[in-house]
Structure formats: structure tokens, C-alpha cells
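Visitor: Those sequence lines, one after another, are chains A and B. Going by the working numbering, the final residue of the first sequence carries number 112, and the count climbs one at a time with no gaps. Going by the working numbering, the final residue of the second sequence carries number 115, and the count climbs one at a time with no gaps.
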Amino acid sequence: AQSVTQLDSHVSVSEGTPVLLRCNYSSSYSPSLFWYVQHPNKGLQLLLKYTSAATLVKGINGFEAEFKKSETSFHLTKPSAHMSDAAEYFCVVSRGGFKTIFGAGTRLFVKA
Amino acid sequence: DAMVIQNPRYQVTQFGKPVTLSCSQTLNHNVMYWYQQKSSQAPKLLFHYYDKDFNNEADTPDNFQSRRPNTSFCFLDIRSPGLGDAAMYLCATSRAGAGEQETQYFGPGTRLLVL
Chain A
1 AQSVTQLDSH
11 VSVSEGTPVL
21 LRCNYSSSYS
31 PSLFWYVQHP
41 NKGLQLLLKY
51 TSAATLVKGI
61 NGFEAEFKKS
71 ETSFHLTKPS
81 AHMSDAAEYF
91 CVVSRGGFKT
101 IFGAGTRLFV
111 KA
Chain B
1 DAMVIQNPRY
11 QVTQFGKPVT
21 LSCSQTLNHN
31 VMYWYQQKSS
41 QAPKLLFHYY
51 DKDFNNEADT
61 PDNFQSRRPN
71 TSFCFLDIRS
81 PGLGDAAMYL
91 CATSRAGAGE
101 QETQYFGPGT
111 RLLVL
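Structure representation (C-alpha cells):
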């Protein structure tokens with residue numbers, strides 16, 4: 001069975017400081033992993049995805065994530081937060097068969 | 001630009017009055033999904049179409065139906081909306097084959113309010 005756990009429901013950072021959003025997964029085989037961002041009252045936008053190529057994945061808007069099999073983690077990072085990064089972030093694991101499992105989400109707050 | 005479009009963005013309906021939400025896509029993807037997202041929760045998959053093949057999630061209520069008349073369009077029908085069906089409804093697409101089937105592209109969503 002596959003599952004995904006986002007370790008923080010809320011993260012608050014100051015503008016210009018690093019962002020770390022944590023995600024752990026469990027999977028019986030090599031998974032596909034994604035990070036999506038959702039701004040208020042908007043749809044989900046794909047930030048980046050891991051599909052068994054490079055373990056360090058670069059996404060849009062300066063975000064990146066590192067797949068660590070030994071730790072079953074896929075944490076999302078950004079060196080310097082911007083006010084526009086304030087949003088909900090979802091870590092997602094694909095279990096194949098066109099089905100995906102969403103984490104509960106992490107709300108990112110960015111303080112001026 | 002290729003995209004997933006949802007209309008309307010906001011929909012108000014009355015308790016028990018049937019409502020239809022629409023989704024269209026210009027990506028030419030063969031898989032289309034409908035999700036329900038309640039406030040401060042993760043999206044919950046209701047069903048998906050792979051071409052014309054309909055796949056319902058086991059816990060999706062019978063009150064929710066879907067139609068896909070062609071590749072580009074997919075509809076979500078709520079036969080008798082209850083207050084608990086007020087939510088954001090998200091449409092997504094993906095392309096099966098070539099290792100891309102798992103990447104889903106989302107529309108902006110339709111916010112449904114039930115009075």
C-alpha cells in the first residue's frame with residue numbers, strides 16, 4: 001500500500017529565508033512523487049515531479065526537492081521565500097492505475 | 001496555451017436541485033479526473049475516465065455522476081445536492097502512455113455553494 005505524510009500542517013517563514021516543507025512516503029515499489037501548489041480559490045499547479053531519474057528535482061519558481069530512498073522522503077525546499085509563495089502545498093504519490101494519493105497539505109505563511 | 005478549463009468558476013444551487021459542472025481541455029489528454037476538495041482538506045478523487053472507460057471510486061456517492069461525450073469535455077452531475085456537497089470541484093487530465101500517465105494537470109476549479 002502507498003501513503004504520503006506531510007509532517008507539518010503549517011509552516012511560517014520570513015521573506016528571504018529558506019523554505020522547507022517535509023514529506024515522507026511509503027511505497028511497495030519505486031513511486032512517482034509530485035509537489036503541487038494551490039493558491040487560495042485556485043486549482044493545483046504542478047511544481048515538480050520525480051519519476052526515477054535524477055534524485056534532485058528542480059521545479060518552477062525556484063523550488064526543488066530531493067528524493068531520498070533511504071529516508072523515504074521527498075522534501076520541498078527553496079533558498080529564499082517570496083511573499084507570493086504563500087499558499088497550500090501538496091505532496092502526492094502515484095500508485096499507478098491513474099490514481100494518486102495526496103498528503104494532507106502544508107500551509108506556507110510568509111512574513112514580511 | 002494548452003490548458004484545462006472549468007466553467008463556471010462559481011456555482012450556486014439549491015438543496016436538491018440538480019447541477020452540472022463542466023470541464024474542457026485542449027491538451028488532448030485521454031484521461032480526465034474529477035476531484036472534490038472541501039475546505040482545508042486535500043482533494044478527494046471521485047472518478048476518472050480513461051478514454052470512454054469510466055472508473056468510479058468505491059466511496060463516491062451515487063449522487064455523483066459523470067459524462068464524457070468526447071475527448072475534450074467531461075461533466076460532473078450532482079443529482080440532488082446536499083449541504084455537504086458544497087466544495088471546490090477540480091478537474092484534471094493526464095496522458096496515458098509514454099510514462100506520463102501519472103502527471104495530472106488541473107483546472108482552476110469550480111466552487112459550489114448549496115443553499
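The beta-carbon is built from N, C-alpha and C at its ideal position, and this holds for glycine as well.
Output, in chain order, the set of chain B residues within a Cβ distance shorter than 7 Å of alanine 104 (chain A).
Guide: Ala42
Visitor: Looking at the unbroken beta strand (DSSP E) that takes in asparagine 55 (chain B), where does it start and where does it end?
Guide: 53-56
Visitor: State the CB to CB distance for the pair leucine 76 (chain B) and threonine 20 (chain B), rounded to an integer number of angstroms; the pair is presumed to be in contact (CB under 8 Å).
Guide: 7 Å
Visitor: Which residues does DSSP list as the beta-bridge partners of isoleucine 78 (chain B)?
Guide: B:Val19 and B:Phe64
Visitor: Which of helix, strand or coil does DSSP assign to leucine 83 (chain B)?
Guide: Note: leucine 83 (chain B) maps to helix in three-state DSSP.
Visitor: Do you know offhand how far methionine 3 (chain B)'s Cα is from tyrosine 50 (chain B)'s?
Guide: 18 Å
Visitor: Within a Cβ cutoff of 6 Å, which residues of the same chain sit near valine 37 (chain A), ignoring the five residues on either side of it in sequence?
Guide: Annotation for valine 37 (chain A): Gln45, Leu47, Ala87 and Tyr89 place their beta carbon closer than 6 Å to its own, counting only its chain and skipping 5 residues before and after.
Visitor: Please list the partners that serine 94 (chain B) has in chain A, where partner means a Cβ-to-Cβ separation under 8 Å.
Guide: Phe98
Visitor: Using a cut-off of 9 Å between C-beta atoms, extract the partners of threonine 103 (chain B) located in chain A.
Guide: Ser32, Phe34, Leu46, Lys49, Thr51 and Ser94
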